[in-house]
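Beneath this line is the structure, given in structure tokens, with notes to follow.
2 protein chains.
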Amino acid sequence: MKIPLYRQIQASLKEKITSGIYEEGGLLPSENDLCTEFNATRMTVRQALNELVREGYITRQHGKGSTVSASRKSLGLLSLKGWTEVVVASDRHGKTLVLEGPMLKKMQNPIFRPLIDTESDEDFIFFKRLRLVEDLPVMYEHTYIPNDNLPNFIEEPLLEGSLFRTLLIRYQIDVQSMTQEVRAIAADKETANLLKIKTKSPVLHLLRKYKTSVEGFFLYSSIYCNTEKFAISSFN
Amino acid sequence: MKIPLYRQIQASLKEKITSGIYEEGGLLPSENDLCTEFNATRMTVRQALNELVREGYITRQHGKGSTVSASRKSLGLLSLKGWTEVVVASDRHGKTLVLEGPMLKKMQNPIFRPLIDTESDEDFIFFKRLRLVEDLPVMYEHTYIPNDNLPNFIEEPLLEGSLFRTLLIRYQIDVQSMTQEVRAIAADKETANLLKIKTKSPVLHLLRKYKTSVEGFFLYSSIYCNTEKFAISSFN
DNA sequence: AAGTGGTCTAGACCACAGT
DNA sequence: CTGTGGTCTAGACCACTTC
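As given, the protein sequences belong to chains A and B, one line each in that order.
Using the UniProt record's numbering, read the first sequence as starting at 1 and increasing by one per residue.
Using the UniProt record's numbering, read the second sequence as starting at 1 and increasing by one per residue.
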């Protein structure tokens with residue numbers, strides 16, 4: 001039992017939230033109930049709950065209880081804020097078109113170099129995806145995943161079309177945080193075509209490195225965003 | 001004694017960090033030392049320390065201790081990542097030119113409307129500032145601050161040129177977090193001139209709402225960034 | 001009044017860092 | 001080895017929300 005108890009509680013609750021056993025907007029069991037369920041004390045349960053607050057899965061209110069966050073966790077960043085209304089972007093909402101991949105590919109793209117420490121000549125699992133909100137293309141994304149410890153990844157389709165959920169359920173890999181560089185650039189021809197904007201229009205470029213629950217295992221994404229109708233918003 | 005003990009400990013340590021009593025890169029007293037100093041138990045002290053970690057003031061290592069974060073807290077977001085080297089942007093580094101203000105002004109700019117709930121016809125304290133890194137203009141910023149509870153703000157110069165530090169020291173207002181919307185837009189003439197780029201070049205536009213330790217008191221900024229040489233990077 | 005989360009105590013054992 | 005932070009227990013009292 002090397003994994004701390006509060007981490008186990010945290011993971012268990014997270015799984016029940018993402019799988020829908022605990023519904024959005026609903027209440028979690030009270031701290032005392034969780035204490036008996038996991039045979040732990042309140043301080044331990046509270047540590048787990050506080051981690052879930054920090055990760056954006058739940059909110060808490062004093063005399064009330066722990067509420068499952070609506071629109072699920074935003075991964076610490078990134079949600080799309082709409083013109084007048086709020087549209088939440090996640091692998092579950094909107095549409096995602098896989099334009100290329102998954103396939104094995106070397107990472108020839110030098111823009112990731114500053115983010116990567118060691119790995120160089122390895123093969124990566126590669127995706128090209130286009131994400132739409134309300135049928136408007138808003139994100140064009142290239143994803144690179146180190147081809148380690150992911151047996152049969154390319155052969156099997158993604159669970160519910162979600163990469164993160166696939167990693168969590170099939171490989172017990174939890175994407176926990178990320179760092180990113182943000183720039184404004186002029187869209188090249190391919191990007192402009194896909195995002196249905198004029199070439200050289202300003203687009204947001206996000207260069208991302210995702211940290212996972214597996215030590216040393218990171219995901220990389222290069223994302224081009226059309227922000228004419230939707231802005232990227234972030235918190236904290 | 002309505003303020004929780006761990007908040008008092010947190011505030012005390014924060015003050016000693018920002019004022020330089022605990023030096024950057026140095027070690028804080030151990031948890032047990034803090035226990036005796038504040039007459040509290042380890043759980044209480046740890047709660048204060050964990051808050052400081054969350055706010056970016058310190059980092060902690062297992063067998064070692066609590067280290068005061070170098071280059072001070074990054075406010076959860078925003079640091080400028082350079083060409084080859086890392087440059088940290090804060091009110092202490094780089095240069096900041098005040099182009100206009102502080103002055104009283106109504107907020108006529110409608111772009112903030114989505115961020116503001118109630119306030120409408122009030123006067124705001126207004127700034128126009130240009131920030132340079134390595135003598136290159138990289139950020140052009142408009143700041144609006146509600147003119148409540150800030151006696152003599154306009155009359156007195158900023159402490160060490162830092163708005164946040166001034167709010168903290170003179171008014172005990174701590175800027176704790178923010179939300180922002182990020183877009184890529186084409187620079188207008190004024191912005192392009194100030195940032196020394198061509199008109200219609202892609203620039204990053206950040207619309208920010210800062211949350212403070214005072215309930216209901218927020219700061220607002222509209223920022224245009226030249227990301228040709230420096231990218232905005234964010235964490236988590 | 002009952003149930004909830006917020007704070008706090010006074011211990012304990014462990015794993016990691018530096019000597 | 002000592003000292004540090006990481007985890008955990010078994011209680012306690014309080015403030016808030018709901019009924």
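Beta carbons: idealized from backbone N, C-alpha and C, even for Gly.
_Suppose the cutoff is 6 Å on Cβ atoms and the five residues either side in sequence are ignored; what does the same chain contact list for ILE17/B look like?_
Taking the first residue of the second sequence as position 1, residue 17/B is located at position 17. Within the same chain, Cβ atoms closer than 6 Å to the Cβ of ILE17/B are found at TYR57, VAL68, the five residues on either side in sequence being excluded.
_So, with DSSP's three-state summary, where would you put MET178/A?_
For the purposes of this step, residue 178/A is taken as the residue at position 178 of the first sequence. Reduced to three states, the DSSP call for MET178/A is strand.
*asked:* Please classify LEU195/B as buried or exposed, where buried requires at least 16 other C-beta atoms within 10 Å of its C-beta.
replied: For the purposes of this step, residue 195/B is taken as residue 195 along the second sequence, with counting starting at 1. By the beta-carbon neighbour count (other beta carbons within 10 angstroms, threshold 16), LEU195/B is buried.
*What are the partner residues of PRO146/A, as DSSP defines its beta bridges?*
The sequence position of residue 146/A within the first sequence is 146, counting from 1. Residue pairing of PRO146/A in beta bridges, as defined by DSSP: PHE124/A.
*Run down chain B in chain order and give the residues with a C-beta less than 8 Å from the C-beta of SER233/A.*
Taking the first sequence and counting its residues from 1, one reaches residue 233/A at position 233. Within chain B, the residues near SER233/A are THR179, GLN180, GLU181, VAL182.
*Under the rule that 16 or more other beta-carbon atoms within 10 Å means buried, what is LYS14/B, buried or exposed?*
Here residue 14/B corresponds to residue number 14 of the second sequence, with the count starting at 1. Buried is the call here.
*Name the chain B residues that come within less than 7 Å of MET107/A, Cβ to Cβ?*
What you label residue 107/A is simply residue 107 of the first sequence in a count that begins at 1. Here the premise fails: no neighbours, minimum Cβ distance about 19 Å.
_Contact residues within the stretch 127 to 161 of chain A, judged by C-beta distance below 8 Å to chain B_ = Here the close residues number zero.
*asked:* Suppose you measure from the CA of THR166/A to the CA of PHE124/A; what does that come to, to the nearest Å?
replied: For the purposes of this step, residue 166/A is taken as the residue at position 166 of the first sequence. For the purposes of this step, residue 124/A is taken as the residue at position 124 of the first sequence. So the two alpha carbons sit approximately 17 Å from each other.
*For GLU37/A, the nearest candidate out of LEU52/A, GLU55/A, GLN8/A (CA to CA)*: Here residue 37/A is taken as the residue at index 37 of the first sequence, counted from 1. Nearest option by C-alpha distance: GLN8/A.
_Within-8 Å CB hit, ALA186/A to chain B_ = Stepping through the first sequence from its first residue, residue 186/A is reached at position 186. The beta carbon of ALA186/A sits closer than 8 Å to some beta carbon of chain B.
_From LYS64/B, TYR140/B, ASN39/B, residue whose alpha carbon lies closest to that of LEU95/B_ = Working through the second sequence from its first residue, we reach residue 95/B at position 95. Note on identity: in this sequence residue 95/B is Lys, with Leu being the wrong assignment. Of the candidates LYS64/B, TYR140/B, ASN39/B, the one whose C-alpha sits nearest the C-alpha of LYS95/B is TYR140/B.
*asked:* Taking the alpha-carbon of LEU163/B as reference, which of PRO202/B, PRO102/B, CYS225/B has the nearest alpha-carbon?
replied: Here the question's residue 163/B lines up with position 163 in the second sequence. If we check each option's Cα against that of LEU163/B, PRO102/B comes out closest.
*Is LEU104/A helix, strand or coil by DSSP?*
Position 104 of the first sequence, counted from the start, is the residue given in the question as residue 104/A. Correct three-state label for LEU104/A: strand.
_Starting from SER221/A, trace the beta strand (DSSP E) in both directions and tell me its first and last residue._
Mapped onto the first sequence, residue 221/A falls at position 221. Where SER221/A is concerned, the enclosing beta strand (DSSP E) starts and stops at 218 to 225.
_Looking only at its chain, what residues have a beta carbon closer than 6 Å to the beta carbon of GLU51/A, apart from the 5 residues adjacent to it on each side?_
Position 51 of the first sequence, counted from the first residue, corresponds to residue 51/A. Residues of the same chain with a CB within less than 6 Å of the CB of GLU51/A, apart from the 5 flanking positions on each side, are GLN10 in chain order.
*Taking all protein chains shown into account, do 16 or more other C-beta atoms lie within 10 angstroms of the C-beta of PRO202/A, making it buried, or fewer, making it exposed?*
By 1-based counting over the first sequence, the position of residue 202/A is 202. Around the beta-carbon of PRO202/A, 16 or more other beta-carbon atoms lie within 10 Å, marking it buried.
*As assigned by DSSP and simplified to three states, the class of VAL214/B*: For the purposes of this step, residue 214/B is taken as the residue at position 214 of the second sequence. If DSSP states are grouped into helix, strand and coil, VAL214/B belongs with coil.
*asked:* Would you call the stretch 170 to 186 of chain A in contact with the stretch 198 to 213 of chain A, where contact means no fewer than 3 C-beta pairs closer than 8 Å?
replied: Output reads yes: the stretch 198 to 213 of chain A touches the stretch 170 to 186 of chain A.
_the stretch 177 to 188 of chain A contacting the stretch 144 to 159 of chain A, beta-carbon criterion three pairs below 8 Å_ = Cβ pair count under 8 Å is below three, so no.
*asked:* I'd like to know if THR166/B contacts chain A, where contact means its C-beta is closer than 8 Å to some C-beta of that chain.
replied: Start at 1 with the first residue of the second sequence, and residue 166/B comes out as number 166. Not closer than 8 Å to any Cβ of chain A, the Cβ of THR166/B fails to qualify, so no.
*Amino acids of chain B, ordered along the chain, whose beta-carbon sits closer than 8 Å to that of LEU204/A*: Stepping through the first sequence from its first residue, residue 204/A is reached at position 204. Chain-order list of chain B residues neighbouring LEU204/A: VAL182, ARG183, ALA184, LEU204, by C-beta distance under 8 Å.
*How many angstroms separate the CA atom of GLY63/A from the CA atom of LEU28/A?*
To locate residue 63/A, count along the first sequence from 1; it is residue 63. To locate residue 28/A, count along the first sequence from 1; it is residue 28. Whole-angstrom Cα-Cα distance: 13 Å.
*When burial is assigned at 16 or more other CB atoms within 10 Å of the CB, is ARG131/B buried or exposed?*
For this step, residue 131/B is matched to residue 131 along the second sequence. Buried: at least 16 other Cβ atoms inside 10 Å.
*asked:* Is there a Cβ of chain B sitting closer than 8 Å to that of ARG227/A, yes or no?
replied: Here residue 227/A refers to the residue found at position 227 of the first sequence. Note that residue 227/A corresponds to Thr in the displayed sequence, not to Arg. The beta carbon of THR227/A falls within 8 Å of a beta carbon belonging to chain B, placing the residue at that interface.
*Taking Cβ positions, are GLU24/A and ARG46/A nearer each other than 8 Å?*
Your numbering for residue 24/A matches position 24 in the first sequence. Your numbering for residue 46/A matches position 46 in the first sequence. Result no, Cβ atoms of GLU24/A and ARG46/A do not sit closer than 8 Å.
_Counted within 10 angstroms of its Cβ, other Cβ atoms place THR143/B as buried (16 or more) or exposed_ = Here the question's residue 143/B lines up with position 143 in the second sequence. Within a 10 Å sphere around the beta-carbon of THR143/B sit 16 or more other beta-carbons, which makes this residue buried.
*State buried or exposed for ILE3/A, treating a residue as buried only when at least 16 other CB atoms are found within 10 Å of its CB.*
Locating residue 3/A in the first sequence gives position 3, counting from the first residue. So ILE3/A counts as exposed.
_Pull the bridge partners of MET139/B from the DSSP assignment, please._
Translated into the one-based positions of the second sequence, residue 139/B becomes position 139. Partner(s): ARG131/B, CYS225/B.
*Given that a residue counts as buried once 16 or more other Cβ atoms are within 10 Å of its Cβ, and exposed if not, what is residue 276/B?*
Chain B is shown from 1 up to 236; residue 276/B falls before or after that span and cannot be answered.
*When Cβ atoms are compared, which residues of the UniProt domain "HTH gntR-type" (3 to 71) of chain A fall closer than 8 Å to chain B?*
The residues in question are MET43, ARG54.
*With a 10 Å radius around its C-beta and 16 neighbouring C-beta atoms as the bar for buried, classify THR199/A as buried or exposed.*
The residue you call residue 199/A lines up with position 199 of the first sequence. An exposed status is given to THR199/A, since fewer than 16 other beta-carbon atoms sit within 10 Å of its beta-carbon.
*Apart from the five residues just before and just after PHE127/A, which ones in its own chain have a Cβ nearer than 6 Å to its Cβ?*
By 1-based counting over the first sequence, the position of residue 127/A is 127. Here PHE127/A has GLY101, PRO102, THR143 as same chain residues with Cβ atoms under 6 Å from its own Cβ, once five neighbours each way along the sequence are excluded.
*Nearest CA to the CA of SER12/A: which residue from GLY26/A, PRO137/A, GLY65/A, LEU168/A?*
Within the first sequence, the letter at position 12 stands for residue 12/A. Nearest C-alpha to SER12/A: LEU168/A.
*What is the residue span of the beta strand (DSSP E) that THR67/B lies within?*
In the second sequence, residue 67/B corresponds to position 67, counting from 1. Residues 65 to 68.
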